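Chains as they are written, first to last, in my numbering: chain A, 60 to 394; chain B, 60 to 394.
Where is the CB? At the ideal position from N, CA and C, for every residue including glycine.
Just so we're clear, the structure is a prediction, and the values are computed from it rather than from any experiment.
Presented below is the structure to which this report refers.
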DNA sequence: GTAAGGACTGCAATCCTTTCCAGTGATGCG
DNA sequence: CGCATCACTGGAAAGGATTGCAGTCCTTAC
């Protein structure tokens with residue numbers, strides 16, 4: 060059905076080899092020939108068969124992307140960045156969703172590894188040891204976490220937390236809660252350490268509240284603990300959790316930000332739209348996606364001789380309406 | 060590097076043909092031979108090269124999925140359903156995001172069509188004519204819309220709207236607003252016609268409010284128009300819009316549901332978590348994804364001889380806390 | 001004028017798997 | 001006992017593109 064390189068060659072009166080060269084390494088053929096071949100190819104609607112090409116070049120032109128949860132807007136944005144960069148480089152991307160189930164990652168990885176040139180692993184949860192085993196066949200780049208000396212793209216979580224905490228301190232808050240994300244999450248660890256370092260330096264009373272799933276429900280569940288802790292401000296593991304906090308605080312009639320300041324993290328689209336709109340640490344999700352693809356492709360170019368590369372993107376506090384000057388803690392009996 | 064079928068054949072002392080058969084059509088080889096081949100293959104970690112297989116079978120084992128916006132939780136859920144079904148059938152899926160830009164669809168389609176066995180097109184916006192051209196090379200299944208006699212999977216939008224409207228009528232509402240989605244959206248048209256039919260039959264005063272983007276912001280923008288329309292209840296094109304409405308109504312101090320009932324559509328995860336939680340028409344997103352893959356795969360099996368197939372999935376009203384008995388419209392001076 | 005070199009182009013091998021066809025040995029039946 | 005049949009296996013072609021090698025033709029320099 061579809062025209063092959065032979066059809067083009069015949070129609071253009073040249074050999075298959077010339078057609079191949081005219082289309083992929085134009086410098087090697089005479090301009091006149093090249094033009095003729097290109098014209099015929101266009102007219103016939105010829106598109107090289109990727110499978111055949113992959114068979115000989117050993118490259119598929121496909122990338123793989125493994126994320127924990129596509130329904131999480133954070134990853135949705137990352138995916139968009141990855142898509143855009145991949146398309147620009149004429150690659151397609153397989154996406155697999157592990158449904159927040161760390162075990163599934165290894166399976167997916169194996170399944171995908173044969174059909175892609177390289178893989179991007181967005182795996183905040185899997186333990187280091189598990190990661191160590193993967194990627195013997197394929198080039199793997201980590202995003203949003205680091206592990207050993209594997210190449211990776213991360214964002215400066217610790218610095219984002221510093222900005223958030225300093226912002227709250229400047230507003231007069233002394234006792235500040237942090238609603239932690241999953242225990243095994245790499246970025247949660249980063250954020251915690253960033254916070255405690257800054258807290259120590261600034262003499263802040265930092266209360267870590269449990270580990271919660273990184274979703275809206277997590278925030279809902281954490282809210283009462285935050286209130287009971289006596290903190291006047293809270294930093295959430297991410298925006299979804301922060302929105303959950305907001306929701307529960309609203310239901311309990313605790314005004315934000317007057318009685319409680321709330322800071323999120325990630326700056327997903329919805330956080331600008333909540334009421335009141337959420338102060339949050341913006342992380343460059345799309346850029347991170349793009350950067351990861353860039354790193355992956357450059358590694359594929361270079362072969363294995365490119366050493367390990369890390370790339371860290373900056374974060375930026377965005378002050379909106381959920382943070383305000385500290386007042387009396389909302390404990391019972393106070394006025 | 061990676062072991063090929065030759066390596067397995069040599070190690071097992073049989074021909075490549077036998078290895079191939081032992082692994083893909085086991086009935087054709089003697090049990091003893093089969094066992095030996097399987098053992099060797101496992102030991103060597105042999106995995107057939109998909110490109111080579113695809114070259115001869117003409118099938119890649121890949122599916123393509125084109126969605127307007129991955130960041131929209133509705134599509135995220137659909138994607139998850141598609142993923143799951145595809146994986147179960149040992150297929151991988153390419154995902155492409157058009158960024159709500161109808162023009163990009165055709166490009167993506169062409170780009171993807173060569174590398175997949177079939178495509179799922181989630182294209183609520185593109186006009187029929189544009190759709191007519193696509194899919195000459197590849198099998199295309201539409202989801203969430205119909206067009207000509209192309210195979211498709213849809214949900215019963217009209218019936219969902221009927222349920223929503225009847226619910227509101229039963230609560231005593233007479234004047235009801237509908238915040239419409241994009242003008243060119245197929246499902247918006249379906250929903251509108253479902254509503255007007257039911258409204259006519261029930262003697263309801265139905266007010267259509269503009270066309271708005273299917274996002275949170277759309278709802279925010281529409282809210283004031285809804286209030287001004289004098290309606291006591293509003294049905295939104297989808298949940299994101301409904302949440303936007305809720306947000307703006309809350310900001311204006313209009314209590315929901317006492318002064319205004321709100322119904323959404325889609326039942327995305329967050330709608331159960333808003334305050335108050337959103338009454339909405341649930342559509343089976345994951346099932347739709349699964350069903351579409353099923354349809355696509357069955358078409359690929361059957362070849363072109365399978366006629367056009369439509370499959371429609373039911374919708375279901377979920378009553379939560381944003382709908383209540385009608386009271387006086389919230390116009391100035393009432394009470 | 002001829003040799004050397006360069007610019008293009010073609011032939012043919014190769015990538016890995018599947019599958020058609022033929023061949024082998026054993027079995028069943030007449 | 002011989003022939004047809006069957007179950008199983010191997011040889012080899014095919015699928016579409018890339019690429020090393022070799023060949024042709026033309027230009028340039030001596």
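C-beta neighbour in chain B for residue i, strict 7 Å
| i | result |
| --- | --- |
| residue 380 of chain A | no |
| residue 249 of chain A | no |
| residue 18 of chain A | Only positions 60 to 394 of chain A appear in this structure, which leaves residue 18 of chain A out of reach. |
| residue 346 of chain A | no |
| residue 106 of chain A | yes |
| residue 389 of chain A | For residue 389 of chain A, the predicted model reports a pLDDT of 46, less than 50, meaning its position is unreliable and no value from the coordinates is stated. |
| residue 67 of chain A | no |
| residue 76 of chain A | no |
Span of the alpha helix (DSSP H) around residue i
| i | result |
| --- | --- |
| residue 353 of chain B | 344-361 |
| residue 247 of chain B | 245-261 |
| residue 70 of chain B | 64-71 |
| residue 219 of chain B | 216-229 |
| residue 237 of chain A | From DSSP, residue 237 of chain A is part of no alpha helix (DSSP H) but of the beta strand (DSSP E) over 234-238. |
| residue 79 of chain A | 75-83 |
| residue 306 of chain A | 298-310 |
| residue 96 of chain A | 90-103 |
| residue 115 of chain B | 109-116 |
| residue 136 of chain A | 132-147 |
C-beta contact flag for residue i and residue j at 7 Å
| i | j | result |
| --- | --- | --- |
| residue 300 of chain A | residue 238 of chain A | yes |
| residue 110 of chain B | residue 170 of chain A | no |
| residue 286 of chain A | residue 293 of chain A | no |
| residue 178 of chain A | residue 152 of chain A | no |
| residue 123 of chain A | residue 175 of chain A | yes |
| residue 337 of chain B | residue 346 of chain B | no |
| residue 219 of chain A | residue 340 of chain A | yes |
| residue 215 of chain A | residue 373 of chain A | yes |
| residue 314 of chain A | residue 381 of chain A | no |
| residue 277 of chain A | residue 303 of chain A | yes |
| residue 243 of chain A | residue 184 of chain A | yes |
| residue 273 of chain B | residue 130 of chain A | no |
| residue 78 of chain A | residue 88 of chain A | no |
| residue 99 of chain A | residue 135 of chain A | no |
| residue 96 of chain A | residue 348 of chain A | no |
Test: residue i CB closer than 7 Å to a CB of chain A
| i | result |
| --- | --- |
| residue 392 of chain B | For residue 392 of chain B, the pLDDT reaches just 41, beneath the cut-off of 50, and the residue's location in the model is therefore unreliable, although a value from the coordinates is still provided. No, residue 392 of chain B lies away from the interface with chain A (no Cβ there is under 7 Å from its Cβ). |
| residue 377 of chain B | no |
| residue 271 of chain B | no |
| residue 217 of chain B | no |
| residue 275 of chain B | yes |
Nearest residue (CA-CA) to residue i, options the options
| i | options | result |
| --- | --- | --- |
| residue 217 of chain B | B:384, B:383 and B:376 | B:376 |
| residue 264 of chain B | B:270, B:235, B:280 and B:274 | B:235 |
| residue 307 of chain B | A:247, A:91, A:315 and A:334 | A:334 |
| residue 139 of chain A | B:155, B:295 and B:326 | B:155 |
| residue 197 of chain A | A:119, A:77, A:222 and A:157 | A:119 |
| residue 324 of chain A | A:311, A:246 and A:255 | A:246 |
| residue 228 of chain A | A:66, A:385 and A:201 | A:385 |
| residue 137 of chain B | B:147, B:146 and B:126 | B:126 |
Continuous beta strand (DSSP E) stretch holding residue i: start and end
| i | result |
| --- | --- |
| residue 264 of chain A | 264-268 |
| residue 283 of chain B | From DSSP, residue 283 of chain B is part of no beta strand (DSSP E) but of the alpha helix (DSSP H) over 275-287. |
| residue 126 of chain A | 121-126 |
| residue 177 of chain B | 177-180 |
| residue 323 of chain A | 320-325 |
| residue 375 of chain A | 375-377 |
| residue 153 of chain A | 151-156 |
| residue 292 of chain B | 292-295 |
| residue 337 of chain A | Run containing residue 337 of chain A: none; DSSP gives neither H nor E here. |
**OP:** Please name the residues in the region 319-340 of chain B whose beta-carbon is closer than 8 Å to at least one beta-carbon of chain A, in chain order.
**Re:** 328, 329, 332, 333 and 334
Original post:
Which residues, in order along the region 303-320 of chain A, keep a beta-carbon less than 8 Å from a beta-carbon of chain B?
Top reply: 303, 306, 309 and 310
Original post:
Which residues, in order along the region 119-142 of chain B, keep a beta-carbon less than 7 Å from a beta-carbon of chain A?
Top reply: 119, 129, 130, 132, 135, 136, 138, 139 and 142
Subject >> Contact residues within the region 90-117 of chain B, judged by C-beta distance below 8 Å to chain A >> reply: 106, 108, 109, 110, 111, 113 and 114
**OP:** Select from the region 156-178 of chain A all residues with a C-beta closer than 8 Å to any C-beta belonging to chain B, and list them in chain order.
**Re:** 156, 158, 170, 171, 173 and 174
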